[in-house]
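J.: In this note's numbering, the protein residues as written are 23 to 317. Using N, Cα and C, we set each Cβ at its ideal position, and we do this for glycine too. Because the structure is a prediction, the values reported are computed rather than measured.
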């Protein structure tokens, strides 16, 4: 483990984002040109933003129609999402850099805002990124959002955010510290993925391919190792359905629902999916440490 100490900086200048940046709406590209197959052109959408900020390359939308120079994004452009399909606005207002991709063109679609810095001598882009990830900013974006099922914000609401702006040298220190932490987190996540892949490969080798087994016998599932048997889950475990709740019960309390978003792609738990809950439930619906839940 490494002990990380972040010094408290003297923050002097109080300002609004409107004094420093502009946010431009994207273009409403026509649906008739959207394609199910891969094309060179990718329309970025709110689905391309990660909770907490960053780019999600899992939900790409392809396009094969007219292009407009003003709505072609460049590598390292800073964009924000102005719409979120979840009731809790999971990614609303969060930022992302446009990634490097030599094989594709990224298009500035509607419901996204492209940021231009008007005062580069006052704010660094990398510091601005972390301002747009900060909880104070997020709370204000969510508080001013419109819509119930689909959450919306606007450039005007984002630009009205007030915050304290340090001098450039301190912005450099702060953003470098946070970037170093992000990189360490990403490296650990990559290591975890590799370990998970290794574990899955070992499981497949032992329990699917039966590598190393020399004696087999017939079963209703085909050949299985001698001495093994065929069985069903129902003989060994019980499945308890989760709480059926109403939206009015999603209130601040000391209880929380484990939701579908509590389960990572490929398995594993994340606290980001917890929903504060103040409704009724049964004793057997309480989830304890080391319980197994499935989506």
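Taking only runs of the beta strand (DSSP E) that begin and end inside the segment 194-281, which ones reach a length of at least 3 residues, in chain order?
T.: Whole beta strand (DSSP E) segments, 3+ residues: 238-241, 244-247.
J.: Three or more C-beta pairs under 8 Å: does that hold for the segment 69-82 against the segment 209-223?
T.: No contact exists between the segment 69-82 and the segment 209-223.
J.: Reducing DSSP to helix, strand and coil, say where residue 187 ends up.
T.: For the purposes of this step, residue 187 is taken as the residue at position 165 of the chain shown. The answer is strand: DSSP assigns residue 187 an E or B state.
J.: Nearest CA to the CA of residue 281: which residue from 308, 274, 297?
T.: By one-based count along the chain shown, residue 281 stands at place 259. When each option's Cα is compared against that of residue 281, the closest is 297.
J.: Compute the distance between the beta-carbons of residue 175 and residue 167, then report whether it is under 8 Å.
T.: For the purposes of this step, residue 175 is identified with residue 153 of the chain shown, where counting begins at 1. For the purposes of this step, residue 167 is identified with residue 145 of the chain shown, where counting begins at 1. For residue 175 and residue 167, yes; Cβs fall inside 8 Å.
J.: Does the beta-carbon distance from residue 113 to residue 73 come in below 8 Å?
T.: Along the chain shown, one-based indexing puts residue 113 at 91. Along the chain shown, one-based indexing puts residue 73 at 51. Yes, Cβ-Cβ distance for residue 113 and residue 73 is below 8 Å.
J.: Which term fits residue 193, buried or exposed, when burial requires 16 or more other beta carbons within 10 angstroms of its beta carbon?
T.: Position 171 of the chain shown, counting from 1, holds the residue named residue 193. Buried, because 16 or more other Cβ atoms sit within 10 Å of the Cβ of residue 193.
J.: What number of angstroms, rounded off, separates the C-alpha of residue 89 from the C-alpha of residue 273?
T.: Numbered from its first residue, the chain shown carries residue 89 at position 67. Numbered from its first residue, the chain shown carries residue 273 at position 251. Going from the Cα of residue 89 to the Cα of residue 273 covers about 46 Å.
J.: Find out if the Cβ-Cβ distance for the pair residue 15, residue 154 is shorter than 8 Å.
T.: In the structure displayed, the chain extends from 23 to 317; residue 15 sits before or after that span and is not available.
J.: Quick check: residue 129 and residue 180, are their CB atoms within less than 8 Å of each other?
T.: As a first step, residue 129 must be located in the chain shown, where it is residue number 107. As a first step, residue 180 must be located in the chain shown, where it is residue number 158. No, they are not a contact pair.
J.: Report the three-state DSSP secondary structure of residue 66 (helix, strand or coil).
T.: Against the chain shown, residue 66 aligns to sequence position 44. Residue 66: coil per DSSP, three-state reduction.
J.: State yes or no: is the C-beta of residue 149 within less than 8 Å of the C-beta of residue 39?
T.: Within the chain shown, numbered from 1, the residue matching residue 149 stands at position 127. Within the chain shown, numbered from 1, the residue matching residue 39 stands at position 17. Taking 8 Å as the Cβ cut-off, residue 149 and residue 39 do not qualify as a contacting pair.
J.: Residue 286 by DSSP, collapsed to three states: which one?
T.: Counting from one through the chain shown, the residue named residue 286 turns up at place 264. Looking at residue 286 - three-state DSSP - the assignment turns out to be coil, as it is neither helix nor strand.
J.: Taking the alpha carbon of residue 178 as the reference point, which residue from 45, 316, 243, 171 has its own alpha carbon closest?
T.: Counting from 1 along the chain shown, the entry for residue 178 is found at position 156. That would be 45, whose Cα lies nearest to the Cα of residue 178.
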